[in-house]
Amino acid sequence: MSGYKKDEEGGGGVGSFFQDKTRESLASVLTLFNFHPWQTVIQEARVFNETPISPRKCRILLTKIVYLLYVGETFGTQEATTLFFGVTKLFQHKDSALRQMVYLVIKELSHIAEDVIMVTSSIMKDMQPNLEVIYRPNAIRALCRVIDGSMIVGVERFFKAAIVDRNTSISSAALVSSYHLHPVARDVIKRWANEASEAVQNKAPSYGNQYGQGYQTVQSSSAIVQYHALGLLYLIRQGDRMAVTKMIQQLSGSKGSGGTLRSPLAICMLIRFAAKVMEEDPNVQRAMFELIEGYLKHKSDMVNYEAARAICEMRNVGASELQRPIAVLQLFLSSPKATLKFAAIRTLAKLAQTHPNAVQVCNLDMEKLINDDNRSVATFAITTLLKTGNEASVDRLMKQISAFMSEISDEFKVIVVNAIRALCLKFPAKQSVMLNFLSGILRDEGGYDFKRAVVEAIFDMIKFIGDSKEAALAQLCEFIEDCEFTKLSVRILHLLGIEGPKAAQPNKYIRYIYNRVILENAIVRAAAVSSLAKFGINVADNAVKRSVKVLLTRCLDDVDDEVRDRAAFNLKLMQDEPLANTFVRDDSTFSLDALESRLAAYIADTSSAEQPFDLTAVPKVSKEQVLEQARASRKDAIDVVAMTSEASGSATPAAAAPSASETQSAYAKQLAEVPEFADYGAVLKSSPKPIELTERETEYVVSAVKHVFAEHVVFQFNVRNTVEAVHLENVVVVMQPGEEGELVEDFIIPVQSLGPNSEGVVYVSFSRTNPGAYASGTFGNTLRFISKEIDPESGEPEEDGYDDEYQLEELDLGAADYIVPSYAAFATEWDRLRSAASVQETFALTALDSLKTACDSILEILGMEALGGTEIPQSPTVHTLNMSGLVAGGGGKVLARARMTFQSGKGVTMELTVRAEQESAAQLVLNAIA
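Following this line, the structure appears as structure tokens:
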């Protein structure tokens with residue numbers, strides 16, 4: 001190395017190209033590009049054929065080609081091939097800067113041009129050890145782009161020698177190229193593990209040149225070699241967890257204090273590998289944790305942060321384990337370096353979502369960052385403080401944030417508002433302070449996203465904090481007086497129509513709503529008309545009704561037909577109570593997933609073409625449930641503070657769990673694909689979730705799902721084989737019904753083959769001997785199969801096996817399997833079924849210890865929908881539970897009212913009254929409790 005010039009020690013990069021004052025700067029070259037489209041560049045390529053070659057002209061043209069590729073210009077295959085082989089003619093010139101550009105263009109065109117492999121011999125000449133160092137790294141990088149997997153064996157010796165070369169630029173180029181070649185020649189690259197290990201072990205020599213600066217240059221280059229070598233070594237060994245664990249322990253030394261690695265980049269990568277191994281293998285969790293924790297004392301800030309971040313992101317990490325990494329991050333908060341502050345506060349902000357109490361020790365340091373010049377740091381500080389602060393600090397935080405809001409963009413304002421939105425629900429006693437803050441910023445200038453975030457926060461306060469409803473509605477009324485966004489005005493008017501009639505003085509909202517009819521556009525006027533009508537229908541005060549009727553009559557002369565039609569329609573509703581109950585007061589709607597599934601089954605069933613579609617069999621949900629599902633799927637859900645790309649890089653909230661109706665629809669599609677069930681008709685009811693029949697840690701994990709058809713019951717058994725060395729064949733579940741006669745077994749659909757760590761589905765079908773009755777009982781279950789051991793050498797199961805069986809838990813079939821939960825307006829439906837089938841009985845539930853336990857048990861046994869929030873008792877001694885459902889198979893609507901009292905020591909006494917459209921449906925509910 002001492003024989004090379006200093007610019008060659010830098011790795012043969014483009015630095016020497018720019019150091020020559022006689023060569024054009026990149027900026028002067030790029031100014032020409034606007035006048036040279038790629039067609040012109042191809043025409044200019046004849047400069048490659050000139051004799052003698054002009055390095056200056058060729059470099060300019062090569063730079064144009066690279067620039068056009070980088071900005072998205074595309075070359076056709078023929079044009080790219082012509083350019084590619086024109087560029088290869090430049091190998092005959094020895095200018096080092098030109099050769100660098102040649103390799104750069106070859107790499108960019110190699111994936112477009114054809115027959116690129118023909119340039120291999122020219123590249124190989126530049127890889128010879130006796131040539132200048134400046135050629136070899138570039139040649140190695142270009143070679144990995146043009147050769148295929150079959151040719152790698154021929155150049156293996158060159159790569160092995162380059163990996164352990166004393167020149168760091170050559171070694172680094174070979175390591176990175178090996179990394180890229182691994183997917184196409186996995187077995188060959190594995191043979192280079194010894195060379196990669198030697199590169200990792202290589203330490204920077206402690207000598208300098210005549211200027212005393214050689215040590216620093218070599219040390220920096222050696223660090224990047226260790227980083228690249230470690231990445232390649234992990235890639236080679238990643239399939240062997242024990243080998244990876246051993247590598248980590250060897251390279252780290254004792255608790256991170258020693259070890260081979262000196263490169264901060266390599267140590268950071270090692271920490272990430274250790275965190276991954278710890279997550280995958282519980283047996284080494286303690287050792288890996290101690291290793292990572294040891295790096296918290298490293299002299300490099302980069303390593304300290306990486307270790308702290310890895311511990312903070314561990315699963316199930318405890319408060320005691322977080323103390324040291326949080327202390328490290330706390331020190332970074334007071335660092336003069338903006339990057340350290342940003343990294344620390346971002347990690348603390350993420351940690352505060354799951355461990356707010358642990359992050360509280362940093363609150364004082366974070367408060368100092370609220371006025372930081374870096375707005376990203378300040379925004380993270382505020383949102384983290386809002387998660388970790390206590391109730392006593394809310395007032396102080398609101399004052400600090402108020403001064404801060406005027407200095408940031410709308411993107412950061414939305415983040416802060418979402419954090420305050422979550423804080424409102426955390427400390428409802430401080431609702432007045434936070435409502436004043438939200439109403440204040442609502443009057444500030446801002447775009448739609450910012451205003452929408454504030455309005456959503458106020459909506460949540462109205463819904464979840466009852467004491468804030470009146471004040472929040474008043475603030476929204478003031479806002480729509482000069483709201484410039486139509487969508488927000490419509491949403492607020494809709495909310496006023498829902499909440500206004502319930503207020504103590506509903507008439508004070510009518511003025512604000514009617515102002516919209518006078519002053520706004522047609523869309524807002526139509527929404528205002530609908531909102532006004534709800535006051536006229538739902539408010540009992542006759543004076544209010546007369547006022548609304550007068551206002552709606554005036555709207556009949558509106559210039560927009562939508563406004564006129566809504567006014568006329570709502571005037572009719574005010575005069576017709578049954579219509580008003582149906583269109584306004586009824587707070588239910590069809591479950592769209594269930595409706596879609598039933599319609600698809602109805603269309604597919606040719607035998608039902610002459611029968612009308614039965615809407616009464618489609619379950620209903622409340623409009624509030626629909627809104628809750630929509631809210632759960634929104635990116636800015638209440639419990640997730642949205643992070644913008646500028647502030648956090650990326651943050652994706654967890655996907656919402658599928659609703660019950662979505663699950664039913666998925667089961668229906670799955671069963672429709674089984675030919676044996678083709679003539680069974682539509683699925684009337686499926687279990688809402690699988691029932692576990694074994695422990696999750698057992699050899700064979702089995703869960704069950706029950707599907708009820710018009711004349712059949714199908715049991716679906718999900719079977720998972722967790723035994724590594726056993727292959728199962730002809731897997732079936734044998735069921736023994738507890739009672740004879742009600743169900744007759746039809747057939748069993750087995751799993752023919754079930755390998756290790758794989759899943760399969762077994763179906764068992766029964767016929768209902770009396771479709772008008774509802775069969776029930778308890779089934780014993782046994783898993784039977786042929787077990788075959790797997791040959792460890794070939795990986796294939798042996799030919800000979802033996803019959804084996806595995807006992808499963810019992811499975812019950814009851815009322816909940818026939819009843820579909822369906823929302824209803826209880827009082828209206830209860831009165832409608834007054835003359836229908838009705839049964840009543842009193843039960844003494846002595847084993848239950850509270851009314852809440854009684855409600856949960858009854859809902860689980862019956863599978864019905866609790867109405868009006870009655871699933872949560874408001875009194876510890878007396879409660880009434882209202883329920884609704886649809887009985888599958890034509891049983892129709894069924895309602896149940898359970899009046900309960902609780903006495904300590906005597907349990908719960910319950911009077912159960914059931915009303916249904918069919919006598920059998922009412923008896924089904926009663927027998928389920930009896």
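Each residue of the sequence shown is one higher than the one before, starting from 1 at the first, in UniProt numbering. The C-beta atom is built at its ideal place from N, Cα and C for all residues, glycine as well.
Cβ shell of residue i (< 7 angstroms), same chain only, five flanking positions each side left out
i, result
"residue 302", "264 and 268"
"residue 135", "99 and 126"
"residue 335", "341"
"residue 182", "189 and 235"
"residue 506", "500, 535, 539 and 544"
Cβ neighbour criterion (16 or more within 10 Å) applied to residue i
i, result
"residue 447", "exposed"
"residue 222", "buried"
"residue 256", "Any reading at residue 256 must be qualified, since the residue scores a pLDDT of 40, below 50, and its modelled position is unreliable; the value itself is stated next. Buried is the call here."
"residue 383", "buried"
"residue 149", "exposed"
"residue 52", "exposed"
"residue 532", "buried"
"residue 70", "exposed"
"residue 422", "buried"
"residue 513", "buried"
"residue 604", "exposed"
"residue 649", "For residue 649, the predicted model reports a pLDDT of 38, less than 50, meaning its position is unreliable; a value from the coordinates is still stated below. By the neighbour-count rule (16 or more Cβ atoms within 10 Å), residue 649 is not buried but exposed."
"residue 121", "exposed"
"residue 917", "buried"
"residue 618", "buried"
"residue 194", "exposed"
"residue 322", "buried"
"residue 582", "exposed"
"residue 848", "buried"
DSSP bridge partner residues for residue i (one or two, in chain order)
i, result
"residue 704", "691 and 717"
"residue 746", "DSSP, once it has assigned bridges, lists no residue as partnering residue 746."
"residue 768", "743"
"residue 880", "899"
"residue 588", "622"
"residue 819", "887"
"residue 907", "903"
"residue 761", "718"
"residue 893", "886"
"residue 726", "789"
"residue 779", "737 and 811"
"residue 686", "707"
"residue 866", "883"
"residue 143", "The partner list for residue 143 (beta bridge, DSSP) is empty, contrary to what the question assumes."
Cβ shell of residue i (< 8 angstroms), same chain only, five flanking positions each side left out
i, result
"residue 224", "168, 172, 263 and 265"
"residue 77", "112, 113 and 114"
"residue 270", "230, 248, 251, 252 and 261"
Proximal residues to residue i (C-beta, below 6 angstroms), its chain only, five neighbours per side dropped
i, result
"residue 142", "103, 106, 107 and 123"
"residue 794", "none"
"residue 809", "693"
"residue 509", "496 and 500"
"residue 652", "Caution applies to residue 652, whose pLDDT of 38 falls short of 50 and renders its modelled position unreliable; the model cannot decide the point."
"residue 961", "Since the first residue shown for the chain is 1 and the last is 930, residue 961 is missing from the structure and cannot be characterised."
"residue 707", "683, 686 and 714"
Rounded distance between the beta-carbons of residue j and residue i, thought under 8 angstroms
i, j, result
"residue 895", "residue 830", "6 angstroms"
"residue 871", "residue 822", "Contact flag wrong, Cβ pair sits at about 15 angstroms."
"residue 274", "residue 296", "With a Cβ gap of about 13 angstroms, residue 274 and residue 296 do not count as contacting."
"residue 61", "residue 80", "Residue 61 to residue 80, Cβ: 15 angstroms. No contact."
"residue 671", "residue 710", "No, residue 671 and residue 710 are not in contact; Cβ-Cβ is about 13 angstroms, not under 8 angstroms."
Is the number of C-beta pairs between the region 231-250 and the region 187-202 that are closer than 8 angstroms three or more?
Enough Cβ pairs lie closer than 8 angstroms, so yes.
Any chance the region 798-807 sits against the region 871-880, with 3 or more Cβ pairs inside 8 angstroms?
In this structure the region 798-807 does not touch the region 871-880; the number of beta carbon pairs closer than 8 angstroms is below three.
Would you call the region 540-556 and the region 587-603 touching, i.e. three or more CB-CB distances under 8 angstroms?
No, the region 540-556 is not in contact with the region 587-603.
Evaluate contact between the region 745-753 and the region 776-783, counting only Cβ atoms and requiring at least three cross-stretch pairs below 8 angstroms.
No: the two stretches stay apart, fewer than three of their Cβ pairs being nearer than 8 angstroms.
Contact between the region 89-96 and the region 42-62: three or more CB pairs below 8 angstroms?
Touching, yes, given that three or more Cβ pairs across the two stretches are closer than 8 angstroms.
Would you check if there are 3 or more beta carbon pairs closer than 8 angstroms linking the region 748-765 to the region 810-819?
A contact between stretches requires three or more CB pairs, one per stretch, nearer than 8 angstroms, and the region 748-765 fails this requirement with the region 810-819.
Take every Cβ of the region 836-848, pair it with every Cβ of the region 915-929, and state whether three or more of those distances are shorter than 8 angstroms.
Here the region 836-848 lies against the region 915-929, with 3 or more beta-carbon pairs under 8 angstroms apart.
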